[in-house]
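For reference, the structure is listed below as structure tokens.
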Amino acid sequence: MAHNTSMDGIAGLLREIRPEFDFTDSRDFLADGMLDSFDMVTLVATLDKTYAISIEGVDILPEHFKNLDTIAALLRKYKVPL
Amino acid sequence: MNFLFHGKRISGLLALVPQNEASFLEEMKNFNFPTGRSLKLKEVMGYDKHRLVQDGVCVSDLAVFAMQHLLSRGLLDRDHIDALILVTQSPDHLMPPTSSIIQGRLDLNHDMFCLDINQGCAGFIVGLIEACLLLEQPAVRKVVLINADVLSRKTSPRDRNSYPLIGDAASITVIDRSDARDVIYANLKMDGTRHEALMIPAGGLRVPSDAATAVLQDVGDGNLRAKDHLRMDGSAVFNFVQVEVPPMIESLLGTAGVGLEAVDWFLFHQPNRFMLHKLADKMGIPYAKMPSNIVEHFGNSSGVTIPMAIVSNLAARMLGERFRACLAGFGVGLTWGSMLLSLGEMSFCELIEYPNAGAQPQNDA
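Quick note, the sequences are listed as chains R and Y, same order. Per the numbering used here, the first sequence starts with residue 3, numbered consecutively. Per the numbering used here, the second sequence starts with residue 42, numbered consecutively.
Below, the structure is given as structure tokens:
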């Protein structure tokens, strides 16, 4: 199954969790109130399933989920082609 | 800190949950969150049903009911209990010790050792270590370990971070002497600098409870909580578990000279399904060897989730078979500990309910 691994694809996954936000402009989703810690958990489960990876628990830190760039960097660590 | 014990075993295990059951789907309306977000969380974390005591039920009520179940069926002899250890974070009173209340209500012998330990999610490991230490004494031949908590009474129903996962429960574990070839390996670590990650801020002497500490406050993320309620820094606790637990298990098995594949069951404390699966993934443990179904059926009952995992998944097999099991607990303190031991051939291993009709508050004053 092909996945959209562009920034738009990641933003789309985020909008499935919080449809009321756009996610393309913010540099800090957590500080801007767009994601809370439980949304982060939901996002990790979604990324794991979508890209067939298992993001390690020690990587589930706020700094990896601040914006689209940090999420993309995390995915690259798990060999997700972007 | 490493521990090594010879000639001790768990000879019986009983777990008890309140008959009163609540459902996350019904409770969602209490949280300030859209239904869709709550349902996603339900799927990921494993929230579903949880067991909660009714108004006024205390730890000693659950413990006495469970002990009477064993005594009345001849599964435990009141004259052969040398020590009673209670591990709880929700005692009946600040004083006296709730273990003394339990001893008194059961009219047990005076020639015994009663001890309260204030511990939570590592409480089964801490209690077992303490039981084994007592059994090193010639006068102590049988220890009853009680793990029990009624933390739903100290958790805000408007706090989505904590309330959906809380469960009340108790367990009775009988530990006694056995063949000296039985070896138990254990380790335990504590870090009090992180004690604020899990705490009930008010109600002790530092911040006594009063009208102000009972007021619900908006604590962010749409949650309402009072200072009298349980407060959990979910992100800090999650990270603590993921960082500390895998090396702890590696160290335990390394000390024992046992590989992962030689362990039949990994019976870990169950805070939520997501956290357990992340631990299993990190350590390369098949999910089938690490039961993670307690939170969804009963809730997280702190030190009781390991006994609950055993009686819920392995009760019949624990009577006639023996397994090599790796136990792990981690939580308040912060505290983390693990144990490698042989489990099985028990004289009892079952789950019972504390009936709603019997949920009468006890006045021991």
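Glycine is no exception: its CB is placed at the ideal position from the N, C-alpha and C atoms. None of these values were measured; they are calculated from a predicted model.
Residue nearest to Ala124/Y within the set His110/Y, Leu169/Y, Asp102/Y and Lys81/Y is Leu169/Y (criterion: CA-CA distance). With a minimum length of 3 residues, the unbroken runs of beta strand (DSSP E) contained wholly in the stretch 113 to 156 of chain Y fall at 124 to 128. The straight-line gap separating the alpha-carbon atoms of Gly374/Y and Gly233/Y is approximately 6 Å. What Leu76/R touches in chain Y, judged by beta-carbon distance under 7 Å, is nothing: the nearest beta carbon there is about 14 Å away. Using a CB distance cut-off of 9 Å, Leu82/Y counts as an interface residue toward chain R.
For Gln109/Y, the number of other beta carbons within 10 angstroms of its own is below 16, and it is reported as exposed.
Of the candidates Thr52/R, Ile57/R and Asp38/R, the residue whose Cα lies closest to the Cα of Gly14/R is Thr52/R. Runs of alpha helix (DSSP H) with 4 or more residues, each lying fully within the stretch 162 to 188 of chain Y, are found at 164 to 175, listed in chain order. Within chain Y, Arg78, Lys81, Leu82 and Val85 have C-beta atoms less than 8 Å from the C-beta of Thr44/R, given in sequence order. Residues of chain R whose Cβ lies closer than 8 Å to the Cβ of Asn280/Y are, in chain order, Gly59, Val60, Ile62 and Leu63. For a Cβ distance threshold of 7 Å, nothing in chain R lies close to Ser292/Y: the least Cβ distance comes to about 17 Å. According to DSSP, residue pairing for His91/Y in a beta bridge involves Ala63/Y. Taking a Cβ-Cβ threshold of 8 Å, none of the residues of chain Y is close to Ala13/R; the smallest such distance is about 17 Å.
Per DSSP, the unbroken beta strand (DSSP E) holding Glu394/Y starts and ends at Phe389 to Tyr395.
As a beta-bridge residue in DSSP terms, Ala56/Y pairs with Ser212/Y and Leu392/Y. By the Cβ-count criterion, Pro288/Y is exposed, with fewer than 16 other Cβ atoms from all chains shown falling within 10 Å of its own Cβ. Taking a C-beta distance under 9 Å as the contact criterion, Phe309/Y and Val286/Y qualify as a contact pair. Taking the CA atoms as reference points, Lys183/Y sits about 20 Å from Val345/Y. At least one beta carbon of chain Y lies nearer than 9 Å to the beta carbon of Asp41/R.
Leaving aside the five residues that flank Leu317/Y on each side, the residues in its chain whose CB is nearer than 8 Å to its CB run, in chain order, Phe309, Gln311, Met331 and Ser333. The stretch 290 to 327 of chain Y is shown to contain whole beta strand (DSSP E) runs of 3 or more residues at 306 to 309, in chain order.
Chain Y places a beta carbon closer than 9 Å to that of Asp38/R, counting this residue as a contact. Taking each of Met42/Y, Asn43/Y and Leu55/Y in turn and checking the Cα distance to Glu391/Y, the smallest one comes out for Leu55/Y. According to the DSSP secondary-structure assignment, Gly378/Y is paired through a beta bridge with Leu229/Y and Gly370/Y. Ser383/Y is bridged by DSSP to Arg365/Y. Boundaries of the beta strand (DSSP E) harbouring Phe46/Y: Asn43 to His47, taken from the DSSP string. The secondary-structure analysis by DSSP pairs Ile207/Y across a beta bridge with Asn341/Y. Excluding the 5 residues flanking it on each side, Lys83/Y has same chain C-beta neighbours closer than 6 Å at Phe65, in chain order. DSSP places Met331/Y in the coil class of the three-state scheme, outside both helix and strand.
Relative to Leu301/Y, the option among Phe281/Y, Lys323/Y and Arg314/Y whose CA is nearest is Lys323/Y. In this structure, the alpha-carbon of Leu84/R lies about 7 Å from that of Arg78/R. By the 16-neighbour rule on beta-carbons within 10 angstroms, Asp102/Y is buried. Where Ser219/Y is concerned, there is no enclosing alpha helix (DSSP H), because DSSP gives it neither an H nor an E.
Interface with chain R (9 Å Cβ-Cβ cutoff): Asn61/Y is excluded. At least 9 Å separates the CB of Ser28/R from every CB of chain Y.
Neighbours of Ile19/R across chain Y, judged by C-beta separation under 8 Å: Arg78 and Lys81.
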